[in-house]
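*Asks:* 9 is the number of the first residue of the sequence shown in this note's numbering; add one for each residue after it. Glycine included, C-beta positions come from ideal geometry on N, C-alpha and C.
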Amino acid sequence: MMINIIAPEWAFGRAYSDVSSVRMLKARFAEIQDRDGVPWSDSHIHYANMGGFPIQFADSDATTGTQEIPSIREFPKGIRTPQMLQRSMQKISNAIGKVDWALDRSNILAIEKANSMVSQGRLKKERILNMSYTNWVGNLTLLCGNLWVVDANQLLLARELGIIDKLPYMSQDSLDDHNNGDLVVKILALLQISWMFIQLGVRLGRNLPTSQLEIFTLSSAICSSIIYIMLIDKPQDVRISYTIKAVRHPSAEDLIYMASAGPVGNVFKSNVWIPNDAMHRDAIGKVPGYIMSLAYFFAFGATHCVAWNFEFPTAVERLLWRLSSVVTAVALPVAYLISDPIWLKIFKLESQSKILELVEGSLLILIVVVFILARLFITVEVVRSLAFLPPGAFIGTWTANIPHVG
């Protein structure tokens, strides 16, 4: 919640990633849905991205004794192993009840072979299919059990590889029945946001002063309204899943591609479920949500510049507001440019020197710290400035007669 308040652009980036995943996979799913004779909509793809269609392997290959589990060598330091994942899942089972998950010997052996193939240069280790090796290994270890919680991209790949023989059948009505989201609530929220736009526009048009809090709220409202519209087809708060039976176990080659097709953000996760902040990969192996989120970071910060000449308690606070508005607009895009390896190609460098890596790391830390401080100042200042509003801020307009909340 605190992240969404300080940096609502992060929620926008996640939403855009979800929508991008649906858009890029829609045509491929349409081809297979006709072949399999199953209904498949955008809502189904969203549901799959939430982990709604896990893949179950035969119980005969499951094992629960850690002493019988082959150890996987050459894993990066800090990455969870199958044994660590099993202990974590056991703790979850003890806390909430039995979880239908266990380590699978066949899958573990295939994982060890897949990692060995990559380590020996079968694919470029540092950038496996446009995914970092650390992220790839993180996704790989999640495939060690008899139950795979996959996203839409992985589900589609499992069907194309023949790990499952058919897409699951779930009617749109059945999916809607499990959707706990309320369309009416979203519509009312959009109407309230629309009223805010009108109200603020009228005040600015009449040269009536407004509060910094309204500008801050407007920025957040823009983000929320875009997210509501983008995710209109996404099921909300679905608490059941539809398990698919696997027809065969994967080969090591299958696992290499299944892991690379998974979402980004699973590296240090201690359970098999897909987290809410996972960034799904599209059909060509990119994560466009990062780029769009950076663009919105700039737009969100720039919106605060509307209050550039507003009245503030002191001249120092006005200056800090202006600086903070600029910082929040450009800090993260600049950080991305600094960390992007493209400049190595521009200067034709094979790799960074230790000094450059140290400078880059120090700059990134400095930028993030300054960004957080700037956002915190804006968050505090919008509340503090309410005690110093000019008299004109209390003059009403005709927009007060429009039905709204507040």
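Leaving out the 5 sequence neighbours to the left and right, which residues in its chain are closer than 7 angstroms to G400 when beta-carbon positions are compared?
*Replies:* For G400, where only same-chain residues beyond five positions count, the Cβ hits under 7 angstroms are L216, P217.
*Asks:* Using DSSP bridges, identify the partner residues of Q64.
*Replies:* Q64 is bridged to L155, K253.
*Asks:* What whole-angstrom Cβ distance do H288 and D159 have, given they're in contact under 8 angstroms?
*Replies:* H288 to D159, Cβ: 6 angstroms. Contact.
*Asks:* Rounded to the nearest angstrom, what separates I230 and A315 at their Cα positions?
*Replies:* So the two alpha carbons sit approximately 16 angstroms from each other.
*Asks:* Using only the alpha-carbon positions, how far apart do Y304 and V378 sit?
*Replies:* Answer to the nearest angstrom: the Cα atoms are 18 angstroms apart.
*Asks:* Would you say S227 and F320 are within 7 angstroms of each other, going by their C-beta atoms?
*Replies:* Cβ atoms of S227 and F320: not closer than 7 angstroms.
*Asks:* According to DSSP, M287 sits in a beta bridge with which residue or residues?
*Replies:* M287 pairs with V272.
*Asks:* Output needed for T251: all residues of its chain with C-beta closer than 7 angstroms, excluding positions within five of it in sequence on either side, in chain order.
*Replies:* Once the five neighbours on either side are set aside, the close Cβ partners of T251 are P62, Q64.
*Asks:* For P258, name the three-state secondary structure that DSSP assigns.
*Replies:* Here P258 sits in coil by DSSP.
*Asks:* Specify the secondary structure class of W329 as computed by DSSP and reduced to three states.
*Replies:* Here W329 sits in helix by DSSP.
*Asks:* Would you kindly report the start and end of the unbroken alpha helix (DSSP H) that includes A225?
*Replies:* Correcting the residue identity first, residue 225 is Thr in this sequence and not Ala. Element bounds for T225: 220-238.
*Asks:* How far does the alpha helix (DSSP H) with I380 in it reach, from first residue to last?
*Replies:* First-last of the alpha helix (DSSP H) with I380: 362-392.
*Asks:* Apply the 10 Å Cβ neighbour rule to F402 and answer buried if 16 or more other Cβ atoms are within range, or exposed otherwise.
*Replies:* With fewer than 16 Cβ atoms within 10 Å of its Cβ, F402 is classed as exposed.
*Asks:* Does DSSP put N123 in a helix, a strand or coil?
*Replies:* If DSSP states are grouped into helix, strand and coil, N123 belongs with the helices.
*Asks:* Where does the unbroken alpha helix (DSSP H) through E319 begin, and where does it stop?
*Replies:* Here E319 belongs to no alpha helix (DSSP H), and DSSP marks it neither H nor E.
*Asks:* Is the distance from the Cβ of D173 to the Cβ of V255 below 7 angstroms?
*Replies:* Closer than 7 angstroms, so yes.
*Asks:* For the putative contact between I363 and R167, defined by C-beta atoms under 8 angstroms, what is the C-beta separation to the nearest angstrom?
*Replies:* Wrong, their Cβ atoms sit about 49 angstroms apart, outside the cutoff.
*Asks:* In three-state DSSP terms, what is S29?
*Replies:* Helix.
*Asks:* Identify, in the order they occur along the chain, each residue of the same chain with its Cβ nearer than 7 angstroms to the Cβ of A56, setting aside the five sequence neighbours on each side.
*Replies:* Hits under 7 angstroms: D159, A160, L163.
*Asks:* Given a threshold of 16 other Cβ atoms within 10 Å of its Cβ, counted over all protein chains shown, does G60 qualify as buried or as exposed?
*Replies:* Looking at its Cβ environment, which holds 16 or more other Cβ atoms inside 10 Å, G60 is buried.
*Asks:* How would you call N154, buried or exposed, if buried means at least 16 neighbouring beta carbons within 10 angstroms?
*Replies:* By the neighbour-count rule (16 or more Cβ atoms within 10 Å), N154 is buried.
*Asks:* So L148 and L263 are supposed to be a Cβ contact under 8 angstroms. How far apart are they, rounded?
*Replies:* About 6 angstroms separates the two Cβ atoms, so the contact holds.
*Asks:* Quick check on H186: does DSSP put it in helix, strand or coil?
*Replies:* In the structure shown, H186 sits in coil (DSSP, three-state: anything other than H, G, I, E or B).
*Asks:* Contact check, N317 vs S96 under 8 angstroms by CB: the rounded distance?
*Replies:* The pair is not a contact, with the Cβ atoms about 54 angstroms apart (cut-off 8 angstroms).
*Asks:* Quick check on the burial criterion: 16 or more other C-beta atoms within 10 angstroms. Buried or exposed for Q128?
*Replies:* Answer is exposed; the Cβ neighbour count stays below 16.
*Asks:* Only counting the same chain, and skipping five residues up and downstream in sequence, which positions put a Cβ closer than 8 angstroms to that of K270?
*Replies:* The amino acid at residue 270 is misidentified as Lys; the sequence shows Gly. N147, L150, V158, D159, N161, Q162, R289, listed in sequence order.
*Asks:* Pull up the CB-CB distance for A118 and P243, whole angstroms please, since I reckon it's below 8 angstroms.
*Replies:* So it is not a contact: roughly 32 angstroms between Cβ atoms.
*Asks:* Below 8 angstroms on the Cβ atoms is my contact criterion, and I expect D44 with L175 to pass it. Report the Cβ-Cβ distance as a whole number of Å.
*Replies:* Indeed, because the Cβ distance is near 5 angstroms, the residues count as touching under 8 angstroms.
*Asks:* Assign V391 to buried or exposed, taking buried as 16 or more other Cβ atoms, counted over all protein chains shown, within 10 Å of its Cβ.
*Replies:* Classification for V391: exposed.
*Asks:* For the alpha helix (DSSP H) that contains D8, what are its first and last residues?
*Replies:* Lying outside 9 to 414, the shown extent of the chain, residue 8 is not represented and no answer is given.
*Asks:* Below 6 angstroms CB to CB, which residues in the same chain sit around I386 once its five sequence neighbours on both sides are set aside?
*Replies:* Excluding positions up to five away in sequence, the list reads S332.
*Asks:* In whole angstroms, what is the alpha-carbon distance linking A19 and A260?
*Replies:* A19 and A260: Cα-Cα distance of roughly 35 angstroms.
*Asks:* Quick check: what's the CA-CA separation for S28 versus L371?
*Replies:* If I take the Cα positions, the gap works out to 31 angstroms.
*Asks:* If H312 and I237 are in contact, beta carbons under 8 angstroms, what's the gap, nearest whole angstrom?
*Replies:* In fact, because the Cβ distance is near 23 angstroms, the residues do not count as touching under 8 angstroms.
*Asks:* Taking only three categories from DSSP, how would you classify Q41?
*Replies:* Residue state, collapsed to three classes: helix.
*Asks:* If you draw a straight line from the C-alpha of M58 to the C-alpha of I282, how long is it?
*Replies:* Approximately 6 angstroms, taken between the alpha carbons.
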